[in-house]
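J.:
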Ligand code: SF4
Ligand code: SF4
């Protein structure tokens, strides 16, 4: 059974970012395994520097209708951090003037932010090429007020990216909670009915797979084939691409690793699978992540670890793309999750 409360609500010490950093910086990384900084130095990739900014990722709040076991946000119904309209207006100003071609809204469940629709309506007018909403699917079936989301997404030509840990009920519900699979299937069928995910359709629908335990994802292309075959045969569902994402050892996944006594083995796996070629394309190289309260981070993971950008520009209200691009990226041992095997980003493998 998956969790019912966030670590924060439970009062767990792992809800504190500094506790997570402390764990990631000590233990096996004191004398057994190389730190991420040491590892990338071997191939002259330290300091890690950004390339051209391509993606603005905005986290509009940590509230979610689910409490998935692996969640790096530690999201849940009990999280109250929600982006205000004032901060959204500051984001809109940046969206209208950015050189980035992709806008990526995430959460929590972004749809639960009370200003979500107004924000999408305004942001979609800015002419950004790829406008992504990370929807957990079940939100579409959570409450009547969300039933029209597929039409709303279609109206604003939103690119929907959704988590789907497996094509079977058992594995999905184990990671994400009872009843998640059935609601997700229903939501996918509704998206398909609007044209989402259909071959040659411009209405993009992609799925995200992440492993249900302390292991790395398998080959993305062959998993995509398996997902497509099973979802078509069992439910007549179609989608475009499957992104395989490695679980990073932070928040609830770190809690799971420690509680199941898998932490050290998992870190060994990540370090052994280190792929220097993946470093060139980690997502912090082309992304700025904005938190619910407007602060700027190299990625959503650093946001959760409260590692702000190493720049004089710290907040969206002071946004300056040139200044921000001239920074060193903040790294720690969680970064090994982005460089293991074929690499991992919010859009799947990178190497
Ligand atoms: S749906 Fe996403 S944000 Fe919500 S708890 Fe699950 S992993 Fe976290
Ligand atoms: S965790 Fe963030 S900072 Fe570290 S490599 Fe991945 S994207 Fe970059």
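Residue numbers (my numbering): 151 to 501.
A virtual CB, placed ideally from N, CA and C, is assigned to each residue, including glycine.
May I ask you to verify whether the stretch 473-483 touches the stretch 402-413, counting CB pairs closer than 8 Å and requiring at least 3?
T.: No, they do not touch.
J.: Using the C-alpha atoms, what's the distance from residue 310 back to residue 283?
T.: If I take the Cα positions, the gap works out to 5 Å.
J.: So residue 490 and residue 425 are supposed to be a Cβ contact under 8 Å. How far apart are they, rounded?
T.: Yes, they are in contact, since the Cβ atoms of residue 490 and residue 425 sit about 7 Å apart, within 8 Å.
J.: Please go through the same chain and pick out, in chain order, the residues whose beta-carbon is closer than 7 Å to the beta-carbon of residue 499, but skip the five residues on each side of it.
T.: The answer, listed in chain order, is 370, 394, 492, 493.
J.: I'd like to confirm something about residue 478: is its beta-carbon nearer than 7 Å to some heavy atom of ligand 2, or not?
T.: Not under cutoff, so the answer is no.
J.: Are there any heavy atoms of ligand 1 lying less than 7 Å away from the beta-carbon of residue 217, as far as the coordinates show?
T.: Yes; taking the cut-off as 7 Å, the Cβ of residue 217 has a heavy atom of ligand 1 nearer than that.
J.: Sort 304, 259, 287, 298 by Cα distance to residue 274 and report the nearest one.
T.: Per the Cα distances, 304.
J.: For residue 326, verify whether its CB is less than 7 Å away from any heavy atom of ligand 1.
T.: Yes - ligand 1 has a heavy atom lying nearer than 7 Å to the Cβ of residue 326.
J.: May I have the straight-line CA-CA distance separating residue 407 from residue 163, to the nearest angstrom?
T.: Spanning the two alpha carbons is a distance of roughly 15 Å.
J.: Identify the continuous alpha helix (DSSP H) that holds residue 322 and give its terminal residues.
T.: That run of the alpha helix (DSSP H) goes 319-326.
J.: In angstroms, rounded to a whole number, what distance separates the CA positions of residue 270 and residue 352?
T.: So the two alpha carbons sit approximately 18 Å from each other.
J.: Among the candidates 342, 276, 245, whose CA atom is the shortest distance from the CA of residue 287?
T.: The residue with the shortest Cα to Cα distance from residue 287 is 342.
J.: In the DSSP assignment, find the unbroken beta strand (DSSP E) run with residue 284 in it and report its ends.
T.: Counting along the chain, the beta strand (DSSP E) containing residue 284 begins and ends at 280-284.
J.: Can you check whether the CB of residue 470 is closer than 8 Å to the CB of residue 463?
T.: Yes, Cβ-Cβ distance for residue 463 and residue 470 is below 8 Å.
J.: When every heavy atom of ligand 1 is checked, does at least one fall within less than 7 Å of the C-beta of residue 286?
T.: It does: the Cβ of residue 286 is within 7 Å (strictly closer) of some heavy atom of ligand 1.
J.: Have a look at residue 349 and residue 313 and give me their C-alpha separation to the nearest angstrom.
T.: Each residue's Cα considered, the two are about 20 Å apart.
J.: Roughly how many angstroms separate the alpha carbons of residue 336 and residue 219, rounded to a whole number?
T.: Cα-Cα distance, rounded: 22 Å.
J.: Applying the 10 Å Cβ sphere with the 16-neighbour rule, what's the burial state of residue 170?
T.: Residue 170 comes out buried.
J.: Determine, using beta carbons only, whether residue 366 comes closer than 8 Å to chain D.
T.: Of the protein chains in this structure there is only one, and it is not chain D.
J.: Mapping the DSSP letters down to three states, classify residue 497 as helix, strand or coil.
T.: Reduced to three states, the DSSP call for residue 497 is coil.
J.: Is any non-hydrogen atom of ligand 1 found closer than 7 Å to the C-beta of residue 427, if you look at the structure I gave you?
T.: No.
J.: What does DSSP give as the partner residues of residue 252 in its beta bridges?
T.: 205, 280.
J.: Contact defined as beta carbons within less than 8 Å: I believe residue 229 pairs with residue 258. What is the distance between those atoms, to the nearest angstrom?
T.: Contact holds; Cβ gap of about 7 Å.
J.: Go through its chain and collect everything with a Cβ distance to residue 465's Cβ below 7 Å, but skip five positions before and after it.
T.: Result list for residue 465: 444, 445, 446, in chain order.
J.: How about residue 443: is its Cβ closer than 7 Å to a heavy atom in ligand 2?
T.: It does not: the Cβ of residue 443 is nowhere closer than 7 Å to a heavy atom of ligand 2.
J.: Output the boundary residues of the alpha helix (DSSP H) element that contains residue 175.
T.: Unbroken alpha helix (DSSP H) run through residue 175: 167-175.
J.: Quick one: is the Cβ of residue 241 within less than 7 Å of any heavy atom of ligand 2?
T.: Residue 241: no, Cβ never under 7 Å from ligand 2.
J.: Cutting at 6 Å between CB atoms, please list the residues of its own chain near residue 193, excluding the five before and the five after it.
T.: Closer than 6 Å at Cβ, skipping near neighbours: 426.
J.: Mind checking whether the beta-carbon of residue 162 lies closer than 7 Å to any heavy atom of ligand 1?
T.: Not so, every heavy atom of ligand 1 lies at least 7 Å from the Cβ.
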